Structure formats: structure tokens, C-alpha cells
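Asker: To convert, note that position 126 of the sequence shown is 126 in the numbering used here; the numbers rise steadily by one, no gaps. Just so you know, even glycine gets a beta-carbon here, dropped at the ideal spot from N, CA and C. Only a predicted model underlies this, so the values are computations on that prediction, with no experimental measurement involved.
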Amino acid sequence: MEKILFVNCCIRKEASRTKKLVDFFLNELNKTGNYEITELSLMDEGMTYMSEGFFHQRDELLVKKDFSHPRFRYAHAFAKADKIVVAAPFWDLSFPALLKVYIENLCVEGITFGCNEQGCFGVCKAVHLVYVTTRGGFYDQTPMEMGSKYMEAMCEFFGIQRYDCIAAEGLDMGIRPVEVILEEAMEKAKEMAADF
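(1) Should residue 74 and residue 105 be called a contact, given that it needs their Cβ atoms to be closer than 8 Å?
(2) Return the bridge partner residues of residue 199 from the DSSP annotation.
(3) Starting from the N-terminal side, write out each stretch of the alpha helix (DSSP H) that is 4 residues or longer and does not extend beyond the segment 150 to 177.
(4) Tell me the rounded alpha-carbon separation between residue 72 and residue 122.
(5) Assuming the contact rule is C-beta atoms closer than 8 Å, residue 87 and residue 155 should be a hit. Round their C-beta distance to whole Å, please.
(6) Using 8 Å as the Cβ pair cut-off and three pairs as the minimum, do the segment 154 to 170 and the segment 179 to 193 touch?
(7) By the DSSP assignment, the beta strand (DSSP E) with residue 131 in it spans what residues?
(8) What residues match up with residue 120 in a beta bridge as DSSP calls it?
(9) Span of the alpha helix (DSSP H) holding residue 17?
(10) Can you give me the Cβ contacts of residue 269 inside the same chain, cut-off strictly under 8 Å, excluding the 5 residues immediately before and after it?
(11) Looking only at its own chain, which residues have a Cβ that is under 7 Å from the Cβ of residue 115, when we skip the five neighbours before and after it?
(12) Can you pull the DSSP bridge partners for residue 102?
(13) Could you name the residues that DSSP lists as bridge partners for residue 3?
(14) Can you tell which of 40, 150, 57 and 38 has its C-alpha closest to the C-alpha of residue 163?
(15) For residue 4, count the other beta carbons within 10 Å of its own beta carbon; 16 or more makes it buried, fewer makes it exposed. Which is it?
(16) Let me make sure I understand the geometry here. Which of 38, 19 and 66 has the alpha-carbon closest to that of residue 2?
(17) Report, in whole angstroms, the separation of the C-beta atoms of residue 189 and residue 24, which I expect to be a contact under 8 Å.
(18) With 16 as the cutoff for other CB atoms within 10 Å, does residue 193 come out buried or exposed?
(19) Considering only the alpha carbon of each residue, which of 26, 158, 135 and 100 lies closest to residue 91?
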């Protein structure tokens, strides 16, 4: 049974349209019976922005190669997952700052990536990451959409070979009913679940 890490950054929790879409996707994955899904709700973790003291302690631990400290738990869980699902709404051209704080906690040399004379290389086990998001306007394939692009770049950095994005767009434009847009995105999610 493959282990999936579900990183939940749906700030509005059950009222979130992104949460509705990702729940559908995860339910489709559960139907297969092939996956063990572990949810990490970032809203419940109490993460804070990195401070000078945080970096000082981190550097001391890394010099000692002491990767057993609890502060590295996010990086360990991410590095060990077979597949990863990340859900976050499209906010201010990318995603909530909480997700960026989480990603900063993932970037630990010796756990999620390594370095040599040629540069940095990813060492994560996951072969596929799916990013689920909802957007109020139409931003896909434009320079202003930075959330999915950033996640795709991080996949390359972490050594995750396959990246896909499931997005529902135009939810706040009033052009089409929100439920219709979400249903169309759910169809894409269903197809993605079959190919996960």
C-alpha cells in the first residue's frame, strides 16, 4: 500500500472550495484501496515565520548532522512519502503564506535534498505530487499565476519527477455557476486519481 502525504492548507477549512475539490480527489483515491493517506493540516500546526534564533539552532543541528530533532519532522515525512497531495487556494497570485512557511521547513539539506560540486539535487522518495487549487479569476497559463509554477519548481528541487495541478478557475467572476465549475474540476480530479 502506497503512502500519500496530504498537505492541507485550506485556510477556511470546511468552508473552503479548495477543500471541497481536494476531498473529492482523495475520496477517489480511497476508492482504489491502494493508498494510506496521512493528512497534515497546516492550520493546526502552529508554524511561525523563521527567526534568527530558529536559523541559529537549525545551523547548529545541521553542522552536527543531527536530523533527529523534532523541528525536522515535516521534512522527514515529506521525504518518505510515496506520493504527495498539496491543497491551497490561490491567494495574491500564489498561495497562503502558511504554505511557504511549511516549504521553508521542508528545505533541509540531508533530508529532502543534497548538494555536491555540481549543485543541489533532490532526494525525496515521492514520484508524483498533485497540487489542488481554486482561483477566483482566470490565471492559468499567465505570468500572474505563481502558485502552481512555484510548486512545480519545488518538485524539481526535491527530485519529484511528476507534477500535476488540478485547478478550478473563475469561481468569483459570476460568469458560470460555481458548482458547475467545481464539477468540471472534479471530473479532471477523477481522471487524475485513475492515473495517480
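Answerer: Taking the definition as stated:
(1) Counting from 1 along the sequence shown, the entry for residue 74 is found at position 74. Counting from 1 along the sequence shown, the entry for residue 105 is found at position 105. Between residue 74 and residue 105, the CB-CB gap stays under 8 Å.
(2) Because the chain here runs from 1 to 196, residue 199 falls outside it and cannot be looked at.
(3) none
(4) Position 72 of the sequence shown, counting from 1, holds the residue named residue 72. Position 122 of the sequence shown, counting from 1, holds the residue named residue 122. Rounded to whole angstroms, the separation of the alpha carbons of residue 122 and residue 72 is 16 Å.
(5) For the purposes of this step, residue 87 is taken as the residue at position 87 of the sequence shown. For the purposes of this step, residue 155 is taken as the residue at position 155 of the sequence shown. Going by Cβ atoms, the distance from residue 87 to residue 155 rounds to 15 Å, so no, they are not a contact pair.
(6) yes
(7) On the sequence shown, position 131 is the one that residue 131 refers to. Counted as a single uninterrupted DSSP element, the beta strand (DSSP E) harbouring residue 131 occupies residues 128 to 134.
(8) Residue mapping note: residue 120 aligns to position 120 of the sequence shown, counting from 1. Residue 120 pairs with 115.
(9) For the purposes of this step, residue 17 is taken as residue 17 along the sequence shown, with counting starting at 1. Looking at the DSSP string, the run of the alpha helix (DSSP H) that includes residue 17 is 17 to 32.
(10) Nothing can be reported for residue 269: it is not among the residues displayed for the chain, which extend from 1 to 196.
(11) Counting from one through the sequence shown, the residue named residue 115 turns up at place 115. So the qualifying residues of the chain are 109.
(12) Here residue 102 refers to the residue found at position 102 when the sequence shown is read from its first residue. Beta-bridge annotation (DSSP): residue 102 is not paired with any residue.
(13) Working through the sequence shown from its first residue, we reach residue 3 at position 3. Answer is 36.
(14) Translated into the one-based positions of the sequence shown, residue 163 becomes position 163. If we check each option's Cα against that of residue 163, 150 comes out closest.
(15) Within the sequence shown, the letter at position 4 stands for residue 4. Buried, because 16 or more other Cβ atoms sit within 10 Å of the Cβ of residue 4.
(16) Counting from 1 along the sequence shown, the entry for residue 2 is found at position 2. Residue 38 is the option with its Cα nearest to residue 2.
(17) The residue labelled residue 189 in the question sits at position 189 within the sequence shown. The residue labelled residue 24 in the question sits at position 24 within the sequence shown. Yes, they are in contact, since the Cβ atoms of residue 189 and residue 24 sit about 6 Å apart, within 8 Å.
(18) Here residue 193 is taken as the residue at index 193 of the sequence shown, counted from 1. So residue 193 ends up on the buried side.
(19) To locate residue 91, count along the sequence shown from 1; it is residue 91. For residue 91, the nearest C-alpha among the options comes from 135.
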